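Colleague: My questions all concern the structure below.
Number of protein chains: 2
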Amino acid sequence: MNQIKMHAIGIIHSPYNEKNDIPIQGRFKDDVEAWAELKVKYVKGLKDLDKFSHAILLYYLHKSDKENIKGKPFLEDVEHGIFAIRSPHRPNHIGLSVVKIKRIQENKLYFTAVDMINGTPLLDIKPYVKYFDSRDDIVSGWLDKHFKNGKIPDKTIIRRF
Amino acid sequence: MNQIKMHAIGIIHSPYNEKNDIPIQGRFKDDVEAWAELKVKYVKGLKDLDKFSHAILLYYLHKSDKENIKGKPFLEDVEHGIFAIRSPHRPNHIGLSVVKIKRIQENKLYFTAVDMINGTPLLDIKPYVKYFDSRDDIVSGWLDKHFKNGKIPDKTIIRRF
Chain F
95 MNQIKMHAIG IIHSPYNEKN DIPIQGRFKD DVEAWAELKV KYVKGLKDLD
145 KFSHAILLYY LHKSDKENIK GKPFLEDVEH GIFAIRSPHR PNHIGLSVVK
195 IKRIQENKLY FTAVDMINGT PLLDIKPYVK YFDSRDDIVS GWLDKHFKNG
245 KIPDKTIIRR F
Chain W
95 MNQIKMHAIG IIHSPYNEKN DIPIQGRFKD DVEAWAELKV KYVKGLKDLD
145 KFSHAILLYY LHKSDKENIK GKPFLEDVEH GIFAIRSPHR PNHIGLSVVK
195 IKRIQENKLY FTAVDMINGT PLLDIKPYVK YFDSRDDIVS GWLDKHFKNG
245 KIPDKTIIRR F
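Taken in sequence, the protein lines are chains F and W.
Residue numbering for the first sequence follows our numbering, starting at 95 and increasing by one per position.
Residue numbering for the second sequence follows our numbering, starting at 95 and increasing by one per position.
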């Protein structure tokens, strides 16, 4: 299987119109709301998602036009492998964010914890299931030193691309 | 943008050769090990991933040949929208698992918490970052009643397709 074909199931409408506006991780900027607008044929797929507090959005990082095998992350000047950072310049350009569900109206899912640029093509929505997706025994590599003692580094709200 | 083209960055080698063998969520069967074998050109992308305890694997659910808009999940006989369940029969067929990293050797990432079938095409590896991906204020919709008081339902180890 050499080529895998995908398609947008909808579009993410975000207040971030410029790459430089986007927070690195939307979790740290919870006052900003966005919505995913699904193609009408997928509306029934949202049934019962409103009973979940969070969802995992998978989307296409369409503004990246390159694929790097290593990169320097936002928080430091040290190079790590692309699979040890969350850079958009990665093979297949799939973005992943855990977002907080605010409400669902027809084909629109409104959410906070936004870190996508306006117009981002949506690939999938999965319910966030604490029994599968949350862990309490996590070591987060090079990131742990930046988040010591529950501190959120200033640099989590800076440009992403 | 109507069509998005992706490709496998590697293959997942799993002891599960038949669809019916696969646990619903590998987290509840931690004695089984698998490995992701990356194409050689991506080896450098693994640098420093071994300092993380967990990774998020995104993969192509290549054994599913259908796309349902609703479905009955493994734990109950009630229909939910496809975006409120983790069924493989979803638009774009992207699978997501949080796995526990055991070791990395050259182009091979060994892990536990396995719930993929042998030969699954790998699309991406992301480091699991507790500050981004873990939450402590989760409501998990229709699933919560099945996991009351920390109980793991027997049915989490059953066939997936």
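The beta carbon of each residue, even a glycine, is placed where N, CA and C say it ideally should be.
As the structure is a computational prediction, the values presented were derived from the model and not from experiment.
Out of Lys138/F, Lys133/F, Pro117/F, Val208/F, which has the shortest C-alpha to C-alpha gap to asparagine 96/W?
Modeller: Closest option to asparagine 96/W, Cα to Cα, is Lys133/F.
Colleague: Any Cβ of chain W within less than 9 Å of the Cβ of phenylalanine 226/F?
Modeller: Closer than 9 Å: yes.
Colleague: If the criterion is Cβ atoms closer than 9 Å, does the pair tyrosine 225/F and histidine 148/F meet it?
Modeller: For tyrosine 225/F and histidine 148/F, no; Cβs fall outside 9 Å.
Colleague: Under 9 Å between C-beta atoms, does tryptophan 129/W make it to chain F?
Modeller: Chain F contact via Cβ: absent.
Colleague: Tell me, please, whether the CB atom of phenylalanine 168/W is closer than 9 Å to any CB atom in chain F?
Modeller: Closer than 9 Å: no.
Colleague: Excluding sequence positions up to five away, which residues of its chain have a Cβ less than 8 Å from the Cβ of isoleucine 195/F?
Modeller: Counting only Cβ-Cβ distances below 8 Å, and skipping sequence neighbours, we find Leu143, Asp144, Phe146, Ser147, His148, Ala149, Leu203, Tyr204, Phe205.
Colleague: In chain F, which residues lie with their C-beta within 7 Å of the C-beta of serine 158/W?
Modeller: Near serine 158/W there are no residues of chain F at all, since even the closest Cβ is about 13 Å away, more than 7 Å.
Colleague: Determine whether the Cβ of lysine 223/F lies closer than 9 Å to any Cβ atom of chain W.
Modeller: According to the sequence shown, residue 223/F is valine rather than lysine. Judged by the 9 Å Cβ criterion, valine 223/F is in contact with chain W.
Colleague: Looking at C-alpha atoms only, which residue of Asn212/W, Trp236/W, Val208/W, Leu216/W is the closest neighbour of aspartate 124/W?
Modeller: When each option's Cα is compared against that of aspartate 124/W, the closest is Val208/W.
Colleague: Touch check for the region 239 to 249 of chain F and the region 186 to 195 of chain W: three-plus C-beta pairs under 8 Å?
Modeller: Judged by Cβ distances under 8 Å, the region 239 to 249 of chain F makes no contact with the region 186 to 195 of chain W, as fewer than three pairs qualify.
Colleague: Going straight from the alpha carbon of lysine 166/W to that of lysine 160/W, what length do you get?
Modeller: When rounded, the distance between both Cα atoms is 14 Å.
Colleague: With a threshold of 16 other CB atoms inside 10 Å of the CB of asparagine 186/F, please say whether the residue is buried or exposed.
Modeller: With 16 or more other Cβ atoms within 10 Å, it is buried.
Colleague: How far does the alpha helix (DSSP H) with tyrosine 225/F in it reach, from first residue to last?
Modeller: Start and end: 224 to 227.
Colleague: Report the neighbours of histidine 101/W on chain F: residues whose CB is nearer than 8 Å to its CB, in chain order.
Modeller: Those are Asn96, Gln97, Ile98, Pro185, Asn186, listed as they occur along chain F.
Colleague: Tyrosine 136/W by DSSP, collapsed to three states: which one?
Modeller: Residue state, collapsed to three classes: helix.
Colleague: Return the residue from the list Gly175/W, Ser108/W, Ile198/W, Leu237/W that minimises the CA-CA distance to leucine 140/W.
Modeller: Among Gly175/W, Ser108/W, Ile198/W, Leu237/W, the Cα nearest to that of leucine 140/W belongs to Ile198/W.
Colleague: Which residue marks the beginning of the beta strand (DSSP E) containing methionine 100/F, and which one marks its end?
Modeller: That run of the beta strand (DSSP E) goes 98 to 100.
Colleague: Using only the alpha-carbon positions, how far apart do leucine 152/F and threonine 214/F sit?
Modeller: So the alpha carbons of these two residues sit roughly 10 Å apart.
Colleague: For lysine 99/F versus methionine 100/W, is the C-beta spacing smaller than 9 Å?
Modeller: For lysine 99/F and methionine 100/W, yes; Cβs fall inside 9 Å.
Colleague: What residues in its chain sit with their C-beta under 8 Å from that of asparagine 162/F, if we drop five residues either side in the sequence?
Modeller: Only Ile176, Ser181, His183, Arg184 meet the Cβ criterion.
Colleague: Out of curiosity, what's the CA-to-CA distance linking lysine 164/W and asparagine 201/F?
Modeller: Using only the alpha carbons, I get a separation of about 15 Å.
Colleague: Can you tell which of Ser228/F, Tyr136/F, Ser234/F, Ile116/F has the C-alpha that lies nearest to the C-alpha of isoleucine 232/W?
Modeller: Ranking Ser228/F, Tyr136/F, Ser234/F, Ile116/F by Cα distance to isoleucine 232/W puts Ser228/F first.
Colleague: Does DSSP put aspartate 238/F in a helix, a strand or coil?
Modeller: Of the three classes helix, strand and coil, the one that applies to aspartate 238/F here is helix, per DSSP.
Colleague: Is the Cβ of proline 259/W closer than 9 Å to any Cβ of chain F?
Modeller: No information on residue 259/W is available, as it lies outside the stretch 95 to 255 that chain W covers here.
Colleague: Can you find a CB in chain F that lies within less than 9 Å of the CB of glutamate 173/W?
Modeller: True, the Cβ-Cβ gap to chain F drops below 9 Å.
Colleague: Is any beta-carbon of chain W found at less than 9 Å from that of asparagine 212/F?
Modeller: No, its Cβ sits nowhere closer than 9 Å to a Cβ of chain W.
Colleague: What in chain F is Cβ-close to tyrosine 110/W, meaning under 8 Å?
Modeller: Under the 8 Å cutoff, chain F gives no residues; its nearest Cβ is about 17 Å from tyrosine 110/W.
Colleague: Enumerate in chain order the residues of its own chain whose CB-to-CB distance from phenylalanine 255/W is below 6 Å, with the five nearest sequence positions on each side excluded.
Modeller: Confidence in phenylalanine 255/W is poor, its pLDDT being 37 and thus under 50, which makes the residue's placement too unreliable to answer from.
Colleague: List, in chain order, every chain W residue whose beta-carbon is nearer than 7 Å to that of histidine 148/F.
Modeller: Those within 7 Å of histidine 148/F in chain W are Arg229, Ile232.
Colleague: What does isoleucine 116/W touch in chain F if you count any residue whose Cβ is under 8 Å from its own?
Modeller: Result: empty, since nearest Cβ-Cβ is about 14 Å, beyond 8 Å.
Colleague: Using a C-beta cutoff of 9 Å, does valine 192/F count as contacting chain W?
Modeller: Cβ-Cβ to chain W under 9 Å: yes for valine 192/F.
Colleague: According to DSSP, is alanine 128/F helix, strand or coil?
Modeller: Strand, per DSSP.
Colleague: Are any of the Cβ atoms in chain F nearer than 9 Å to that of aspartate 125/W?
Modeller: No, no contact with chain F.
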